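Asks: Could you have a look at this structure, given as structure tokens, before my questions?
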Ligand code: GLY
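In the numbering used here, the protein residues as written are 160 to 519.
Next up, the structure:
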């Protein structure tokens, strides 16, 4: 079954989720992107798996196609790679009526999206996510970025894609730790949005669930948030649940800890902190929320703690985008489907992390 979700932003676009979409990407993109020169950007892991399929379908549909493959990994989400992509777009002579296609996971989507936002002051781009993480989160909503040495995603732009095609056939063969990375973002979304979705994840374990409806539920929730607050002035900050500590863990590990694993540990720290600081609504239905969140993450073999001490994490978080002057806005889970934004002085961040850091 094919799921479609409309995202009402400018541009308005459709997220299509289902099996076999990459081999049909040419005809499927025709409505959103008139025939043009399509520059497909991918990395050295995804390229060998899917680039030929995508290229063949685009050519067959009548697009002119150029391709660029960069070395895989978060370590390459930087100015050097971005600059090479921009030079490639110029050498390929892409014009304002042409389009960039981001084929891959979050790193590819963020960086190809940013290249599209910058090149000629903005050309269209489409997202072809091939990981669970990019399917449930990063391919939708128009955040594009690269990392700086000071922290993750510190240079970027908001630029919505013209279409998202999520081929669920790519997800069955993901290595378990890459799958788990995406499960962390899906669990985060369920904690934010939907008691029944969280209940299914907690009950059956994520792997037992059918993926397309889970992805569709996550995208549907995110689409609503993005429509109401595209530029993250308020409500969209909720999507950063687990990310303040998560980004700090990524930074402390020099990006050796993958994003979803870091977010899982960050979510667990915040859930325990919320419970121990008395912010959790521990009544009836919400009782044991922190424990339930941690065991759902652990079920996917995701970490629920971190070796980096609170002081190092707080220090690393100071360069986070969520900091505004001397304060920082945290996303606090008070229960399932009940998370709130809490702005605290930067000086209190370490004690909040300390409260949730230890397992017991
Ligand atoms: N990944 C969080 C957001 O798109 O706002």
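Even for Gly, the Cβ is constructed at its ideal location relative to N, Cα and C.
On a predicted model such as this, the values are computed, not experimentally measured, just so you know.
Is the region 354 to 370 in contact with the region 464 to 484, if contact means three or more CB pairs nearer than 8 Å?
Replies: No: the two stretches stay apart, fewer than three of their Cβ pairs being nearer than 8 Å.
Asks: Residue 312 by DSSP, collapsed to three states: which one?
Replies: The sequence position of residue 312 within the chain shown is 153, counting from 1. Looking at residue 312 - three-state DSSP - the assignment turns out to be strand.
Asks: Applying the criterion that 16 or more other CB atoms from any shown protein chain within 10 Å of the CB defines a buried residue, is residue 390 buried or exposed?
Replies: As a working mapping, residue 390 is identified with position 231 in the chain shown. When all chains shown are included, residue 390 counts as exposed.
Asks: By a C-beta neighbour count over all protein chains shown, 10 Å radius and 16 as the cutoff for buried, is residue 298 buried or exposed?
Replies: If you number the chain shown from 1, residue 298 lands on position 139. Buried: at least 16 other Cβ atoms inside 10 Å.
Asks: For a quick check, are the C-beta atoms of residue 498 and residue 504 less than 8 Å apart?
Replies: If you number the chain shown from 1, residue 498 lands on position 339. If you number the chain shown from 1, residue 504 lands on position 345. The answer is no: Cβ separation not under 8 Å.
Asks: Going by alpha carbons, who is nearest to residue 233 out of 483, 419 and 186?
Replies: As a position in the chain shown, residue 233 is number 74, starting the count at 1. Minimum Cα distance to residue 233 is reached at 419.
Asks: Can you determine whether any heavy atom of the ligand GLY sits closer than 7 Å to the C-beta of residue 331, and answer yes or no?
Replies: Counting from one through the chain shown, the residue named residue 331 turns up at place 172. No, the ligand GLY has no heavy atom inside 7 Å of this Cβ.
Asks: Roughly how many angstroms lie between the CA atoms of residue 322 and residue 435, to the nearest whole one?
Replies: The residue given as residue 322 occupies position 163 in the chain shown. The residue given as residue 435 occupies position 276 in the chain shown. Roughly 43 Å separates the two Cα atoms.
Asks: Closer than 8 Å by C-beta to residue 216: which residues in its own chain qualify, once you throw out the five before and the five after it? Chain order, please.
Replies: What you label residue 216 is simply residue 57 of the chain shown in a count that begins at 1. Excluding sequence neighbours, residue 216 sits near 181, 182, 183, 184, 185 and 186.
Asks: Buried or exposed, going by whether 16 or more other CB atoms sit within 10 Å of the CB of residue 409?
Replies: Taking the first residue of the chain shown as position 1, residue 409 is located at position 250. So residue 409 counts as buried.
Asks: Any heavy atom of the ligand SAH inside 7 Å of the beta-carbon of residue 395?
Replies: This structure lacks the ligand SAH; the ligands present are the ligand GLY.
Asks: List the DSSP bridge partners of residue 325.
Replies: As a position in the chain shown, residue 325 is number 166, starting the count at 1. Answer by DSSP bridge pairing, in chain order: 176.
Asks: With hydrogens ignored, establish whether the beta-carbon of residue 391 is closer than 7 Å to any heavy atom of the ligand GLY.
Replies: Stepping through the chain shown from its first residue, residue 391 is reached at position 232. Residue 391: yes, Cβ under 7 Å from the ligand GLY.
Asks: Quick check: residue 302 and residue 399, are their CB atoms within less than 8 Å of each other?
Replies: Your numbering for residue 302 matches position 143 in the chain shown. Your numbering for residue 399 matches position 240 in the chain shown. No, the pair does not count as a contact, with Cβ atoms beyond the cut-off.
Asks: With respect to the alpha helix (DSSP H) encompassing residue 440, which residues constitute its N-terminal and C-terminal limits?
Replies: Locating residue 440 in the chain shown gives position 281, counting from the first residue. That residue, residue 440, is in no alpha helix (DSSP H); it is neither H nor E in DSSP.
Asks: Use the C-beta contact count for residue 288: other C-beta atoms within 10 angstroms, 16 or more gives buried, fewer gives exposed.
Replies: The sequence position of residue 288 within the chain shown is 129, counting from 1. That one is buried.
Asks: Using only CA atoms, which one of 500, 488 and 464 lies nearest to residue 513?
Replies: Within the chain shown, the letter at position 354 stands for residue 513. Closest option to residue 513, Cα to Cα, is 464.
Asks: Taking the C-alpha atoms as reference points, what is the distance between residue 510 and residue 344?
Replies: Counted from its first residue, the chain shown places residue 510 at position 351. Counted from its first residue, the chain shown places residue 344 at position 185. Looking at the two C-alpha atoms, the distance is approximately 25 Å.
Asks: Suppose you measure from the CA of residue 438 to the CA of residue 466; what does that come to, to the nearest Å?
Replies: Taking the first residue of the chain shown as 1, we reach residue 438 at position 279. Taking the first residue of the chain shown as 1, we reach residue 466 at position 307. Taking the straight line from one Cα to the other gives about 25 Å.
Asks: Could you please give the first and the last residue of the uninterrupted alpha helix (DSSP H) stretch that includes residue 161?
Replies: Along the chain shown, read from residue 1 onward, the residue named residue 161 stands at position 2. Residue 161 -> no alpha helix (DSSP H), and no H or E assigned at all.
Asks: Assuming residue 197 and residue 371 form a contact by the criterion Cβ under 8 Å, report the distance between their Cβ atoms to the nearest whole angstrom.
Replies: For the purposes of this step, residue 197 is taken as the residue at position 38 of the chain shown. For the purposes of this step, residue 371 is taken as the residue at position 212 of the chain shown. The pair is not a contact, with the Cβ atoms about 25 Å apart (cut-off 8 Å).
Asks: Output the distance between the C-alpha atoms of residue 517 and residue 413, rounded to the nearest integer angstrom.
Replies: Along the chain shown, read from residue 1 onward, the residue named residue 517 stands at position 358. Along the chain shown, read from residue 1 onward, the residue named residue 413 stands at position 254. When rounded, the distance between both Cα atoms is 22 Å.
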